[in-house]
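Below is one structure, written out as structure tokens; comments come after it.
Numbering (the numbering used here), first residue to last: 144 to 294.
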């Protein structure tokens, strides 16, 4: 048995929107830029297709592969940080995004895991996901983000 333990971060929020609008917000580069601090994602959004998260200046932040894509319900991304060497050295993580209708809203759950004890990636995403998803929720519900949207 391996002594490596999985490190996990889970974030759950409820957004007053439709599954389709939330899915578009999560996958559209134009919409993503509005709440993800100017960054955008690039992918064909099909299992096996490459995925990357790109800074506004064109540098690649993260790369990976789409493992599952079931619009507008579930998305699974094999994910690796590319711009911080100490995090990139940890290898690939797994990000599972689920959307579920719940009492007139959509329950959005992000589960980010990696097979590394005391992961620097999980430490980083535990600070990033709340800001990103707070911006997303606010943008969808009010038309405005909470935090400045440029890095």
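Virtual Cβ for every residue (Gly too), placed ideally from N, Cα, C.
Which of helix, strand or coil DSSP assigns to residue i
i	result
residue 180	coil
residue 209	strand
residue 202	coil
residue 274	helix
residue 164	helix
residue 230	helix
residue 265	helix
Length of the line joining the Cα atoms of residue i and residue j
i	j	result
residue 191	residue 220	10 Å
residue 271	residue 255	12 Å
residue 222	residue 205	7 Å
residue 228	residue 263	11 Å
residue 200	residue 236	24 Å
residue 171	residue 148	34 Å
residue 156	residue 226	28 Å
The ligand GDP heavy atom lying under 7 Å from the CB of residue i
i	result
residue 257	With respect to the ligand GDP, the structure offers nothing, as it holds no ligand at all.
C-beta atoms of residue i and residue j nearer than 8 Å
i	j	result
residue 179	residue 186	no
residue 283	residue 169	no
residue 224	residue 150	no
residue 203	residue 183	no
residue 233	residue 267	no
* Would you be able to state if there are at least three C-beta pairs under 8 Å between the region 151 to 160 and the region 209 to 216? => no
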